[in-house]
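Numbering (the numbering used here), first residue to last: 305 to 923.
All C-beta atoms, glycine included, are put in the ideal place defined by N, C-alpha and C.
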Amino acid sequence: MSRTNVVAVVVAYNRQELLRRCLDGLAGQTAPPAGTVVVDNASTDASARVAAGHPLGAHVVSLPVNTGGAGGFAAGIARALTRFPQAEWIWLMDDDTIPTATALEALVGAAAAYPGSPALLASRAVWADGTEHPMNRPRTRPGLPALLHRHAALAGARQIRTASFVSILIDARAVREVGLPRASYFLWNDDFEYTSRILRGRIGLYVPASVVHHLTRALGSSDADPGERFRFEVRNKIWTFRDCEGLGPIERAAYEAATARRWLRAAASSADRATLWRAGREGLREGLARPADNMTIFLGTPVQDDVAAVEAAARASAGPTSPSPGSPSPATADPAGTPAPPFSVLLPVYRGDRADFLRRSLASVTVEQTLPPDEVLIVRDGPVPGELDDVLAAARRGELSGGVPVRVLELAENAGLALALDAGLEHVAHEVVARQDADDISVPERFATQLPLLAAGYDLIGSAIREFSEETDTGGVVRRQPADPERIRRAMTLRDPFNHPSVVYRASAVRAAGGYEPLDLMEDYWLFARMIRDGVRATNVPDVLVRYRVGAGAYARRGGGRLLHSELELQARMHRAGITTTAQYVRNIAVRAGYRLVPTGVRRTAYRTAQRALLKRTR
Numbered sequence: 305m306s307r308t309n310v311v312a313v314v315v316a317y318n319r320q321e322l323l324r325r326c327l328d329g330l331a332g333q334t335a336p337p338a339g340t341v342v343v344d345n346a347s348t349d350a351s352a353r354v355a356a357g358h359p360l361g362a363h364v365v366s367l368p369v370n371t372g373g374a375g376g377f378a379a380g381i382a383r384a385l386t387r388f389p390q391a392e393w394i395w396l397m398d399d400d401t402i403p404t405a406t407a408l409e410a411l412v413g414a415a416a417a418y419p420g421s422p423a424l425l426a427s428r429a430v431w432a433d434g435t436e437h438p439m440n441r442p443r444t445r446p447g448l449p450a451l452l453h454r455h456a457a458l459a460g461a462r463q464i465r466t467a468s469f470v471s472i473l474i475d476a477r478a479v480r481e482v483g484l485p486r487a488s489y490f491l492w493n494d495d496f497e498y499t500s501r502i503l504r505g506r507i508g509l510y511v512p513a514s515v516v517h518h519l520t521r522a523l524g525s526s527d528a529d530p531g532e533r534f535r536f537e538v539r540n541k542i543w544t545f546r547d548c549e550g551l552g553p554i555e556r557a558a559y560e561a562a563t564a565r566r567w568l569r570a571a572a573s574s575a576d577r578a579t580l581w582r583a584g585r586e587g588l589r590e591g592l593a594r595p596a597d598n599m600t601i602f603l604g605t606p607v608q609d610d611v612a613a614v615e616a617a618a619r620a621s622a623g624p625t626s627p628s629p630g631s632p633s634p635a636t637a638d639p640a641g642t643p644a645p646p647f648s649v650l651l652p653v654y655r656g657d658r659a660d661f662l663r664r665s666l667a668s669v670t671v672e673q674t675l676p677p678d679e680v681l682i683v684r685d686g687p688v689p690g691e692l693d694d695v696l697a698a699a700r701r702g703e704l705s706g707g708v709p710v711r712v713l714e715l716a717e718n719a720g721l722a723l724a725l726d727a728g729l730e731h732v733a734h735e736v737v738a739r740q741d742a743d744d745i746s747v748p749e750r751f752a753t754q755l756p757l758l759a760a761g762y763d764l765i766g767s768a769i770r771e772f773s774e775e776t777d778t779g780g781v782v783r784r785q786p787a788d789p790e791r792i793r794r795a796m797t798l799r800d801p802f803n804h805p806s807v808v809y810r811a812s813a814v815r816a817a818g819g820y821e822p823l824d825l826m827e828d829y830w831l832f833a834r835m836i837r838d839g840v841r842a843t844n845v846p847d848v849l850v851r852y853r854v855g856a857g858a859y860a861r862r863g864g865g866r867l868l869h870s871e872l873e874l875q876a877r878m879h880r881a882g883i884t885t886t887a888q889y890v891r892n893i894a895v896r897a898g899y900r901l902v903p904t905g906v907r908r909t910a911y912r913t914a915q916r917a918l919l920k921r922t923r
């Protein structure tokens, strides 16, 4: 089999013979990795020489001090991403992990078979005698819709929430988004903390067909008497529960309770309780202090610059946490220096649009942009009045776009927005597509703000919008959406967490979700819900990047029998697709369908009140 776009990362410390066997296993893969990084944690044996002399041709990083498994993996991932910038996946393992010949092929195959985009896949780890290693057996993720469990089954896998560092395959985009493991942990709970960050709002899979041998000294679990190492358990758990953004409040409480039970069992069964209590007190003392950050730990080491680059990219992808209206976003800068990919603007036009609005909209996405697109594709959805045809003809001739090529796709009959956009997606010249409506106005920094986030690993990027009814920048309701992937997933069960005219997405991600499907005025919500369900990485920029024109009849169009019919159909589809539970379905029928039936004035007031409340929550 041809090489995969995978880089293996192995952390080694004083186990030269096991390291040799590990590298032999990597060299014998049916789907070999494109490269291997070995991090030698200041071994006192010949581990570094074994790695450097192995026929696999691994890239070896020798650290001046032992940074533990946590530091070793942080260093290895950072070096892998900088030395192999085209890597799509990072495969992690310790030097006592011996992968079977098909271990990587099975992981990559499961990722391809899953009807979505998993961020992490874990192998089945067995001990020397073939027994599944209890230390590395991840639990099935609770609380997911049944459909996602069925999706995992299609890939021969099951859904998980966390995993150990013993043979896990991580999407490089997720790493660039969340950053590196926290080296301050040294050992214990570093993989729990890191994978919980990776998998918050993302898909993780356990793949039993991918088998590795984890050759620990004994077959045991995390419940075994830890002795002096209980210090790390206590310290790192305190840091995790206090600082880890990967856990939601309910998850945090559940894990805290489970940890307390495990500590009590360890104390009850320990043969040396005095040592355990002494280590626990030391861990408590250290846990109450602030851990050192990665840059401090790796200062003066060979990976100093690698760590800085990856961590900076992760900070940029996160964007501001407390934005103020009109404040610039750090996402406008791409610290990794990755150029923006070529992209298309997809702009539908139909007979109800106005020629002057179209001219203004087209100018806002071309001549006024600090980062102009590589093309604009206008979809003419059926015949249009002569004034609109004149604007389309001028656009074709290059008179309205400042040199940006404009193509017009003409549909013979009015097909509706969903089918018009789907047709456009089949004809755009580029994988990356920005949406624009014919009467909206993009601010000059829109694309310069959104496009760098693609390099950070996102597939769907929206922004805040400001409603307006006149050609002015003053006034108007700001519609700001959540940025955090987990908050987006939660919001999706009740409302659309994106402003459709503001989004930039990968066309392949849209197609993988089934594309736009006709659903009157709700085709975008239905599409985004399926994309998020399938694991697409999504965020919203808090800055206002689009001015959204609101006509006199906007609030009237949000109600009535037509919208009620669409609403009921949407809720039925969401429930059948496993996006909402039965309780959420009933809630949505009561709240959202009821909203469609109230008088327009009440609807206007309720909408504006809700938007103000949302704005306060997202600041």
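What is the residue span of the alpha helix (DSSP H) that Thr579 lies within?
-> Segment Arg577 to Leu592, the alpha helix (DSSP H) holding Thr579.
request  = Please state if the CB of Trp492 and the CB of Glu537 are separated by a distance shorter than 9 Å.
outcome  = yes
Discussion item. Can you tell me whether Pro805 is helix, strand or coil according to DSSP?
Written reply: helix
> Which residues does DSSP pair with His363 in a beta bridge?
Replying inline: For His363, which the question treats as bridged, DSSP gives the partners Val341.
Grouping DSSP H, G and I as helix and E and B as strand, with all else coil, what is Asn313? Strictly speaking, residue 313 in this sequence is Val, with Asn absent from that position. Three-state result, Val313: strand.
Self-check item: Residue span of the alpha helix (DSSP H) that contains Leu721, given as start and end
Solution: Leu721 to Leu729
Anyone know if the C-beta pair for Pro689 and Ala659 falls short of 9 Å?
-> yes
Open item on the list: So, for Gln888: in the same chain, excluding its five sequence neighbours on each side, which residues have a beta-carbon less than 6 Å away from its beta-carbon?
Closed with: For Gln888, where only same-chain residues beyond five positions count, the Cβ hits under 6 Å are Thr797.
Is Ser421 near Val840, with beta carbons less than 9 Å apart? In contact: Ser421 and Val840 (Cβ atoms closer than 9 Å).
TODO: Going by CA-CA distance only, name the one from Ala416, Trp431 and Thr885 that's closest to Pro425.
DONE: According to the sequence displayed, residue 425 carries Leu and not Pro. Taking each of Ala416, Trp431 and Thr885 in turn and checking the Cα distance to Leu425, the smallest one comes out for Ala416.
- Could you tell me the distance, in whole angstroms, from the CA atom of Thr904 to the CA atom of Arg866? Because Thr904 sits at a pLDDT of 48, beneath the cut-off of 50, its placement in the model cannot be relied upon, and the following sentence gives the value as read from the coordinates. Whole-angstrom Cα-Cα distance: 14 Å.
**Prompt:** Just curious, the beta strand (DSSP E) that Met826 is in, first and last residue?
**Reply:** Here Met826 belongs to no beta strand (DSSP E), and DSSP marks it neither H nor E.
Just the C-alpha distance for Asp349 and Tyr317, rounded to the nearest angstrom, thanks. 8 Å
* To do: Return the chain-ordered list of same chain residues with a C-beta closer than 6 Å to the C-beta of Gly819, the five sequence neighbours on each side being excluded.
  => Asp726
May I ask which residues mark the beginning and end of the alpha helix (DSSP H) holding His518? Premise fails: His518 lies in the beta strand (DSSP E), Gly508 to His518, not in any alpha helix (DSSP H).
Run through the DSSP bridge pairs and tell me what Thr843 is partnered with. Ile765
Use the C-beta contact count for Glu775: other C-beta atoms within 10 angstroms, 16 or more gives buried, fewer gives exposed. No answer about Glu775 holds up, because its pLDDT of 49 lies below 50 and its placement is not dependable.
Next on the checklist: Between Val669 and Gln740, how many whole angstroms is the CB-CB distance? I'm expecting something under 8 Å.
Outcome noted: 5 Å
Are the CB atoms of Val341 and Val364 nearer to each other than 9 Å? yes
Looking at the structure shown, is Ala618 part of a helix, part of a strand, or coil, going by DSSP? helix
| request: Go through its chain and collect everything with a Cβ distance to Glu392's Cβ below 6 Å, but skip five positions before and after it. | output: Asn309 and Ala476
Once the 5 residues before and after Ala355 are set aside, which same chain residues still bring their CB inside 6 Å of it?
The residues Val342, Ala362 and Val364, in chain order, have a CB closer than 6 Å to that of Ala355 in the same chain once the five nearest residues on each side in sequence are set aside.
Helix, strand or coil: how does DSSP classify Leu322 here?
helix
query: Under a three-way DSSP split, which group does Tyr654 fall into?
result: Of the three classes helix, strand and coil, the one that applies to Tyr654 here is coil, per DSSP.
Quick check: Ser767 and Glu672, are their CB atoms within less than 9 Å of each other? Using a Cβ distance threshold of 9 Å, Ser767 and Glu672 do not count as a contacting pair.
Just to confirm before moving on: does the CB-CB distance between Ala842 and Ile769 stay below 9 Å? no
Next item on the list: Apply the 10 Å Cβ neighbour rule to Ala312 and answer buried if 16 or more other Cβ atoms are within range, or exposed otherwise.
Entry: buried
- request: Please list the segments of the alpha helix (DSSP H) lying wholly inside the stretch 376-444, counting only runs of 4 or more residues, in order along the chain.
  value: 407-417
By Cβ distance below 8 Å, which residues in the same chain neighbour Ser870 in space, the five residues on each side in sequence not counted?
Leu823, Asp824, Leu825 and Met826
Practice task
Would you check if the distance between the CB atom of Val649 and the CB atom of Leu692 is smaller than 9 Å?
Solution key: Result no, Cβ atoms of Val649 and Leu692 do not sit closer than 9 Å.
Evaluate the contact criterion for the stretch 399-419 versus the stretch 375-386: three or more CB pairs, one atom per stretch, below 8 Å. no
Query raised in the report: Distance, Cα to Cα, Tyr510 vs Ala795?
Result: 27 Å
Exercise for review: Check each candidate in Arg589, Thr406, Gln333 and Leu675 and name the one with the smallest Cα separation from Ile542.
Suggested key: Arg589
Can you round the beta-carbon distance between Ala813 and Met835 to whole angstroms, since I take them to be within the 8 Å contact cut?
6 Å
- Item | Asn540 vs Glu586 beta-carbon contact at 9 Å | no
Check: Span of the alpha helix (DSSP H) holding Arg539?
Finding: Phe534 to Asp547
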